[in-house]
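Notes to accompany the following structure.
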Amino acid sequence: MSNACRFRQLLGVFAAAIMCAEAGGKPKQTNPENTLCVHFYNLAAVPSETAQRATFRVATVFARAGIRTAWEQPPIGSEEAHVLDLNDSVGSFRSNQRPCLVVVMVANLPAGAYHGALGFAVPHARFGIHVELVYRRIELQAQRAGVADDVVLAYAMAHEIGHVLLDSSDHSPAGIMRGRADVETWQMASLGRMQFLPEEAKQMRNRLVLQKQLTVRKHETISTRQIGGG
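Residue numbers (the numbering used here): 58 to 287.
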């Protein structure tokens, strides 16, 4: 079995486990319109077990927010994993051409790039990467905090995906979207108690529903033009 197939199979098992009660509370009920497709690229060659545990943690966080995540691992040579659009205008990641959010994990970045951040998001990217995570920095943070690598990786991934779904680079005073993690943050994360604030969860669900509606309308418009010959 290929690594990609094994990754999808394990995430399927993990997704079922999410429906059980956990330390941080039960997940909210989801519907198809609240499903987020994620293309995950492990360009840093992070051990598969670490990546699987991290994505399970992230899936659990979003399930608590009422959002189901569908994870796919396309070939690492896919073009979308190697291009970056630093567009700053309001856009949409979910369209006929871009139905999935693109998350890339790289080994490292130059020391001065993004001021030592664990990762960054491009909420308005029209193509290519939406979230990039820097694994070497994540490893160092995990060592300093005394937690497992997958804990920090999951926190950084959920945080940056949150920026994309919230369509904003702003931070919150508490929860996953807080601007700076501290000792308590890592303790809560290691216990599986990472959560978005209720209003953030609502905004993300609403945006997924809106994007789905816009996609359907676009399909209908294109079909009407084809039938009418316009």
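Backbone N, C-alpha and C define an ideal beta-carbon position, used for all residues, glycine too.
| query | result |
| --- | --- |
| In angstroms, rounded to a whole number, what distance separates the CA positions of H228 and G236? | 5 Å |
| Mind checking which residues open and close the beta strand (DSSP E) that includes R235? | Here R235 belongs to no beta strand (DSSP E), and DSSP marks it neither H nor E. |
| Please tell me whether V160 and H187 are closer than 8 Å, where the distance is taken between their beta carbons. | yes |
| Considering only the alpha carbon of each residue, which of F253, Q260, P131, E189 lies closest to V140? | E189 |
| Considering only C-alpha positions, which residue in the set T242, L223, E256 is nearest to P180? | L223 |
| DSSP state of H228, grouped into three classes? | coil |
| So does L223 have its beta carbon nearer than 7 Å to some heavy atom of the ligand PLP? | This structure lacks the ligand PLP; in fact it carries no ligand of any kind. |
| In terms of residues, what are the limits of the alpha helix (DSSP H) holding Y212? | 206 to 223 |
| Thinking C-beta only, is A211 closer than 8 Å to A122? | no |
| As a quick exercise: from A258, A138, V103, R114, pick the residue whose alpha carbon is nearest that of G219. | A258 |
| Inspect the beta-carbon positions of G176 and E217 and report whether they are closer than 8 Å. | yes |
| According to DSSP, simplified to helix, strand and coil, what is M162? | strand |
| Out of N165, E241, M234, which one is the CA nearest neighbour of V118? | M234 |
| Just the Cα atoms here: how many angstroms apart are M44 and Q200? | Past the boundaries of the shown model lies residue 44; the chain is included only from 58 to 287, so the question cannot be answered. |
| Quick check on D239: buried or exposed, where buried means 16 or more other Cβ atoms within 10 Å of its Cβ? | exposed |
| Can you tell me the Cα-Cα spacing of E256 and Y192, whole angstroms? | 30 Å |
| Hey, does R110 have any beta-carbon neighbour from chain E nearer than 8 Å? | Here chain E cannot be found, since the structure has a single protein chain. |
| Which residue or residues does DSSP assign as beta-bridge partners of W128? | V95 |
| Please state if the CB of L158 and the CB of V115 are separated by a distance shorter than 8 Å. | no |
| Alpha carbons only, please: which of F113, P131, E106, N91 is nearest the one belonging to Y98? | P131 |
| Could you give the DSSP three-state label for G173: helix, strand or coil? | helix |
| Run through DSSP, which three-state label would A138 get? | helix |
| With burial defined as no fewer than 16 other Cβ atoms inside 10 Å of the residue's Cβ, what is the status of G185: buried or exposed? | buried |
| Would you call the CB atoms of G232 and L254 closer than 8 Å? | yes |
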